[in-house]
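Residues -25 to -1, 1 to 235 in mature numbering (1 follows the signal peptide of the UniProt record, and there is no 0) are what the sequence shown lists, from first letter to last. Yeah, the Cβ is synthetic: ideal placement off N, Cα and C, and Gly gets one too. Quantities reported herein were computed from a predicted structural model and do not represent experimental measurements.
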Amino acid sequence: MKRKRFLALAVLFLGILMLAVPVQAAKYKNVWKKQNQNVYYYNDKGKKATGLTQIGGKSYYFDGKGIQRVGWQKIGSQYYFFQIANGKKGSMVKGKKINDITLDKKGRAKKTQASLRKLKIMVEANKVVEKQTKPLMTKPQKLKICFEYAKKTYKYATWRSFTGKKGWELDYAEDMFYKGRGNCFSYAAAFAFMANAVGCSDVYAISSGGHGWAEINGLVFDPDWALVSKVDTYFAMPYSLSGVQGRPNYKANRVYIAGI
């Protein structure tokens, strides 16, 4: 009898104690937060926003963990572009042309046979950037990580002759993103698309007809040559070093130039 009474009193005491403890309010509400080099948005319930989210009249995208994602994204069956910036600046772009692809007033990319092919490649490039880097890293940091990723991850293989036909950069980028292997033109094209996903401007895949490299803001990036030569890192190399101490003569051989 005493035991039952003790248990009853204990339960009653715990109940009173629980009622007396105030419910802890959400730590963050309606605010952008930078945590662990990622960017999040906490909604009015104090929860991390996920998916396509409206904030202040603009559209933003967050993955399943609440991390803000930018650049080219496939959401459902549609493709969208979010400005490559963090927080408020990383909103959806609407009614403009990005990478020669038209976006309608709702931000949806116009899908044609040609645009779909390029969209798929750009989404794949962005996936690499998202997986290998953190949003709050600097562009140079992201570029270097992607450069090393290309060197260490992709395998050298060749099975076609370079023709320089329109869209060659798409053919070779697909080699790496879909097959994981390719030749110098493949390294060049894939890295150029990664650089574009990082947010770099003036990005090109370039070929002499016999060798390929990427060019970003007038500098040479050649992950393929970096695998076989110790003369240079071939990362952000100035054209003034073309042909110097065994380096390829990049400057005189910019024959096939494909803007990303």
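Supposed contact pair residue j and residue i - C-beta distance, whole angstroms, cut 8 Å
i: Q48; j: Y16; result: 16 Å between Cβ atoms; not a contact.
i: residue 275; j: F160; result: Because the chain is modelled from -25 through 235, residue 275 falls outside the range shown and cannot be assessed.
i: S66; j: K93; result: That pair is no contact at about 22 Å.
Residue-level contact to chain D via CB, residue i, 8 Å cutoff
i: N192; result: Given the protein chain composition of this structure (a single chain), no chain D is represented.
Alpha-carbon spacing of residue i relative to residue j, whole angstroms
i: D177; j: A233; result: 11 Å
i: G187; j: K154; result: 18 Å
i: V230; j: G139; result: 9 Å
i: V203; j: G31; result: 51 Å
i: L78; j: A148; result: 23 Å
i: V84; j: G51; result: The displayed chain sequence assigns Ala, not Val, to residue 84. In a straight line, the C-alpha of A84 is about 13 Å away from that of G51.
i: D75; j: Y35; result: 22 Å
i: residue 237; j: K20; result: Given a span of -25 to 235 for the chain in the structure shown, any question on residue 237 remains unanswerable.
i: K226; j: E144; result: 19 Å
Where residue i falls: helix, strand or coil (DSSP)
i: N11; result: coil
i: V45; result: coil
i: Y231; result: strand
i: W200; result: helix
i: F37; result: strand
i: V206; result: coil
i: residue 236; result: With the chain running from -25 to 235 in the structure shown, residue 236 is simply not present.
i: Y129; result: coil
i: K2; result: coil
i: A170; result: helix
i: K23; result: strand
Same chain only: Cβ atoms within 6 Å of residue i, ignoring 5 sequence neighbours per side
i: L216; result: R222
i: I181; result: W188, E190, R229, I232
i: G193; result: none
i: Q53; result: R83
Same chain only: Cβ atoms within 8 Å of residue i, ignoring 5 sequence neighbours per side
i: L111; result: K9, Q12, N13, V14, N61
DSSP beta-bridge partners of residue i
i: I73; result: I76
i: F56; result: W47
i: I120; result: Looking at the DSSP assignment, I120 forms no beta bridge with any residue, so it has no partner.
i: S182; result: G187, Y231
i: M67; result: F57
i: G157; result: Y131
i: V195; result: E190, M212
Cβ-based neighbour list, residue i, same chain, cut-off 7 Å, excluding 5 preceding and 5 following
i: F168; result: I96, M97, A100, A148, I235
i: G39; result: T25
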